[in-house]
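Mapped onto this note's numbering, the consecutive letters of the sequence shown carry residue numbers 1277 to 1456. Working notes for the structure below.
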Amino acid sequence: MGFGGINVRESGDRVVFRAFLLDGDGQPVIGGETLLYLYELQGDGSLKSYDFSDHTFKAGEVVEETTALTHQAGNGGLTDTGLWTAVLTITTGLTRGCVYLALVKNTLAHPAVQAREFQYGNGEGDMDSNELHLVKAALVNKREHTIDTGVNVIKDDDGVTTLRTLTPYESDGVVTITPS
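What follows is the structure, encoded as structure tokens:
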């Protein structure tokens, strides 16, 4: 994250926002009101605002435009870090692959407003749990290989259920593998 800035991470069923805030002297910001604003970027360049009251994005006015971030201290609360966090536990309003803008405001920070653009879900290489499970299975689980056809069958953790069948096809010296 470096000095200053916002970090956004999808973690399981939630999205975690972390902002590292410093004041004009480079000291950690530990007070003041720190608010998160969330926007969905539209194809025409406009924005939809996130309504924290019903967890949806709206083109018009919203009821609850912000949510508060909480300062995180280290060493059992003895060390001021300048790290502020908020967790979005209801993510139904977010769409995988869409681009969003997170703004964090605290008048004691320098700059007072910081922004981070991010793409939600697998649009930036994140995998959902099913994709991740398939990758793991392809690497470590049981496989059945038929020598005369070249077909590979990737099995689930139980060693019985088929997750994918990989069927090779050769044409003019080029092998194409078709998953099914």
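All residues carry an ideal CB built from backbone N, CA and C; glycine is no exception. A quick note: this is a predicted structure, and the numbers were derived from the prediction, not measured.
Local Cβ density within 10 Å of Thr1310, reported as buried at 16 or more and exposed below that: Looking up residue 1310 in the sequence shown gives position 34. It is buried - the Cβ of Thr1310 has at least 16 other Cβ atoms within 10 Å.
Glu1341 - DSSP class collapsed to helix/strand/coil: Locating residue 1341 in the sequence shown gives position 65, where the first residue counts as 1. Glu1341: coil per DSSP, three-state reduction.
N- and C-terminal bounds of the beta strand (DSSP E) containing Tyr1315: Counting from 1 along the sequence shown, the entry for residue 1315 is found at position 39. 1311 to 1317 is the span of the beta strand (DSSP E), which, as asked, contains Tyr1315.
Close-in-space but distant-in-sequence residues of the same chain around Gln1348 (CB under 8 Å, 5 per side omitted): Within the sequence shown, numbered from 1, the residue matching residue 1348 stands at position 72. Cβ neighbours of Gln1348 beyond the five flanking positions: Thr1357, Leu1359, Trp1360, Thr1361.
Backbone secondary structure at Val1363 - three-state DSSP: Here residue 1363 corresponds to residue number 87 of the sequence shown, with the count starting at 1. If DSSP states are grouped into helix, strand and coil, Val1363 belongs with the strands.
Cα-Cα separation between Asp1299 and Leu1354, rounded to whole angstroms: Residue 1299 sits at position 23 when you count from the first residue of the sequence shown. Residue 1354 sits at position 78 when you count from the first residue of the sequence shown. Whole-angstrom Cα-Cα distance: 19 Å.
Asp1424 versus Arg1440 - alpha carbon distance: Looking up residue 1424 in the sequence shown gives position 148. Looking up residue 1440 in the sequence shown gives position 164. The alpha-carbon atoms of Asp1424 and Arg1440 are separated by roughly 19 Å.
Extent of the continuous beta strand (DSSP E) to which Tyr1396 belongs: On the sequence shown, residue 1396 is found 120 positions in, with the first residue counted as 1. Run containing Tyr1396: none; DSSP gives neither H nor E here.
Close beta carbons around Val1389, own chain, < 8 Å, minus the five adjacent residues each side: Position 113 of the sequence shown, counted from the first residue, corresponds to residue 1389. The answer, listed in chain order, is Leu1379, Val1380, Lys1381.
Same chain, Cβ closer than 7 Å to Ala1385, neighbours up to 5 away in sequence not counted: Numbered from 1 along the sequence shown, position 109 holds the residue referred to as residue 1385. Hits under 7 Å: Leu1297, Leu1298, Asp1299, Val1305.
Strand pairing of Lys1331, partner residues [DSSP]: Here residue 1331 refers to the residue found at position 55 when the sequence shown is read from its first residue. The question names Lys, yet the displayed sequence has His at residue 1331. Answer by DSSP bridge pairing: none, since His1331 is not bridged.
Alpha-carbon spacing of Pro1387 relative to Gly1426, whole angstroms: In the sequence shown, residue 1387 corresponds to position 111, counting from 1. In the sequence shown, residue 1426 corresponds to position 150, counting from 1. Going from the Cα of Pro1387 to the Cα of Gly1426 covers about 60 Å.
Exposure of Ile1366, with buried meaning 16 or more beta-carbon neighbours within 10 Å: By 1-based counting over the sequence shown, the position of residue 1366 is 90. So Ile1366 ends up on the exposed side.
Alpha-carbon spacing of Phe1333 relative to Gly1350, whole angstroms: Start at 1 with the first residue of the sequence shown, and residue 1333 comes out as number 57. Start at 1 with the first residue of the sequence shown, and residue 1350 comes out as number 74. Taking the straight line joining both Cα atoms gives about 34 Å.
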